[in-house]
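Numbers given in our numbering equal positions in the sequence shown, counted from 1, plus 106.
For every residue, glycine included, the Cβ atom is placed at its ideal position computed from N, Cα and C.
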Amino acid sequence: MAQFHKKVSEQSFMMEPAIASEIPELLKIIEDVFIEYGWTYVESDEVPDFINFNNVYGDSSRAMIFSVKSVGKNPEIIGCIALKFNSEGPYLSRVYLKQAFRGYGLGKWMTIEMMKLARDRGFDHIHLWTDTRFIGAHHMYLRVGFSMSGLIRSLHDINNSFEFKMEAPL
């Protein structure tokens, strides 16, 4: 399976397929983002794919989840990204980074690598749904070639979430 590497200043990072034993750390990263935004985190509502990890991510033709790790003296899991497939084709999901690691181009790197993976599988476009409040992420997606599709959806959840649909050619 694919493994990706990036160096930012003197720090090295690696992205590789997540394994079930990493799920608790990935859940904590996602929960921390919810806390950062002042949202209510209900694990069963927010991450059913993580709860059913083997069923969802056991077949890489349907979905792949990658953990992002710092490499070196104090390695740690710092984020995740998923590439999933539905009737519309490939789409990004679960794009999360610990707050301390944002702003260094890691989200851009993660996104570009997933776009390349989708292209290597023969697809010519990709999409995602992103919370309307993730403004920094929207700017990053625009910089790597995504555009707003004009679609918006309500998740009808406890956090009153709405999502924009974004699309990009590959």
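Based on the DSSP secondary-structure assignment, which residues constitute the bridge partners of residue i?
| i | result |
| --- | --- |
| L261 | L261 is not bridged to any residue. |
| E122 | S173 |
| F268 | S260 |
| E273 | H233 and S253 |
Which first and last residues belong to the alpha helix (DSSP H) in which residue i is found?
| i | result |
| --- | --- |
| I184 | Unbroken run through I184 is the beta strand (DSSP E), E182 to N192; no alpha helix (DSSP H). |
| K222 | L212 to D226 |
| V114 | Per DSSP, V114 belongs to no alpha helix (DSSP H); it is in the beta strand (DSSP E), F110 to V114. |
| R249 | I241 to R249 |
| D138 | I129 to E142 |
Checking 7 Å against the spacing of the C-beta atoms, do residue i and residue j come in under that value?
| i | j | result |
| --- | --- | --- |
| K179 | M120 | no |
| S167 | C186 | no |
| E137 | I183 | no |
| S199 | A188 | yes |
| V250 | K214 | yes |
Could you spell out where the beta strand (DSSP E) holding residue i opens and where it closes?
| i | result |
| --- | --- |
| L234 | H231 to D237 |
| R200 | G195 to L203 |
Going by beta carbon distance, what residues of the same chain come within less than 6 Å of residue i, once the five residues before and after it are set aside?
| i | result |
| --- | --- |
| F110 | M121 and E219 |
| F140 | Y147 |
Taking 8 Å as the limit between beta carbons, can you name the residues of its chain near residue i, skipping five residues before and five after?
| i | result |
| --- | --- |
| K204 | I135, D138, I184 and G185 |
Residues in the same chain with beta-carbon distance under 7 Å from residue i, minus the five sequence neighbours each way, listed in chain order, please.
| i | result |
| --- | --- |
| N266 | none |
Does the structure place the region 262-274 close enough to the region 233-243 that three or more beta carbon pairs sit under 8 Å? yes
Determine, using beta-carbon pairs with one atom in the region 253-272 and one in the region 204-223, whether at least three such pairs fall under 8 Å. no
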